[in-house]
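Read the structure below first, then the notes.
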Amino acid sequence: MMIPSKSGFNRGRSMWQDEFAIDLKQGDNFLMVKISEAGGGWGMHVGISETPFVPIEDILTDWLWVIAPTEPGQGGAASTDIDSLADASNNKVTEKRVVNNSATEGDKVGDYEWTLADLPDNGDLNVLVNQAGIEQGALDHITAYGLVTLVAEEAMEGVSMLVGSDDSIKVWLNGEVVHTNAVNRGRSRWPTC
């Protein structure tokens, strides 16, 4: 059973901003993360730890990314529960469809397409988007979606997932929302580039 969590308050800097438990099934587990940006810096990190005594492993590689612009003033916390994929594609692509059926590199979402790229060590999404050729320059009022497959050798319950974001974040695992934090906040533990 998935253990959904919801957090909705502003707070200061910390090692990881949000922690919640997830259950992984044996084999492929499909993770989608949505990061909605209001203005200023833009970044995220996702980490996982099987037990409290095992170091947190950052998930940096093999992500599939797409971006979807939002209306000015509608980014960050305000767009957490808005389906930005549907808005960008005139309902041809939706969050529900992607979390249940995944996406493939090159699939279109409005003016953009899903692109394979690794997350920089510092989690800077603006750097990722620029280096991957998705868009150029500093971006505000925008949402990024990242897809990655987590492979579990065996089913595991109560695995710690840790996330940090600038600004809001929503996380799906195997088609279910497992975490939402509709907040405008700064980056957590990562140095800026």
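Residue 1 is where the sequence shown starts when you use this note's numbering, and the numbers rise one by one after that. Every residue, glycine too, gets a C-beta built ideally from N, C-alpha and C.
Next on the checklist: Less than 6 Å between C-beta atoms, sequence neighbours within five positions excluded: which residues of the same chain meet that for E135?
Outcome noted: V129
Checklist entry - Residues in its own chain within less than 6 Å of T115 by CB, not counting five upstream and five downstream? => result W65, A132 and I134
Checklist entry - Taking the Cβ atom as the reference point for each residue, do G175 and A21 lie within a distance shorter than 8 Å? => result no
Next on the checklist: Could you compute how far the alpha carbon of V46 sits from the alpha carbon of H141?
Outcome noted: 21 Å
Next on the checklist: What does the alpha-carbon distance come out to for the pair G73 and W42?
Outcome noted: 15 Å
Item to check | Collapsed DSSP secondary structure at G76 in the structure displayed | outcome: helix
Checklist entry - Of the choices Q17, L24, T180 and D83, whose alpha-carbon is the least far from that of E199? => result Nothing about residue 199 can be reported from this structure: the residues present for the chain run from 1 to 193 only.
Checklist entry - What is the C-beta distance between S168 and N181, in whole angstroms, given that I count them as a contact (C-beta under 8 Å)? => result 6 Å
Next on the checklist: For a test of the three-state rule: what should DSSP assign to V183, helix, strand or coil?
Outcome noted: coil
Next on the checklist: Our contact map puts E113 next to D107 with C-beta atoms below 8 Å; I'd like the distance itself, whole angstroms only.
Outcome noted: 6 Å
Item to check | alpha helix (DSSP H) runs contained entirely in the region 99-167, provided each spans 4 or more residues | outcome: 125-131
Checklist entry - Which residues mark the beginning and the end of the beta strand (DSSP E) in which A21 is found? => result D18 to L24
Item to check | Residues that A88 bridges to, as DSSP identifies them | outcome: Note: A88 sits in no beta bridge, so no partner.
Checklist entry - Does the Cβ of A138 have 16 or more other Cβ atoms within 10 Å, making it buried, or fewer, making it exposed? => result exposed
Checklist entry - Hey, would you say T143 sits closer than 8 Å to I35, going by beta carbons? => result yes
Next on the checklist: Beta-carbon within less than 6 Å of A39's beta-carbon, same chain only, minus the 5 sequence neighbours each way: which residues are those?
Outcome noted: The identity of residue 39 in the sequence shown is Gly, whereas the question assumes Ala. D140.
Checklist entry - In angstroms, rounded to a whole number, what distance separates the CA positions of R185 and V99? => result 25 Å
Next on the checklist: For I67, which residues in the same chain have their Cβ closer than 8 Å to its Cβ, ignoring the five residues on either side in sequence?
Outcome noted: Y112, V129, I134, E135, L139, I142, T143, A144 and Y145
Checklist entry - Hey, S89 and G110: beta-carbon distance below 8 Å or not? => result yes
Checklist entry - Expressed to the nearest angstrom, what Euclidean distance is found between the alpha-carbon atoms of G27 and L150? => result 8 Å
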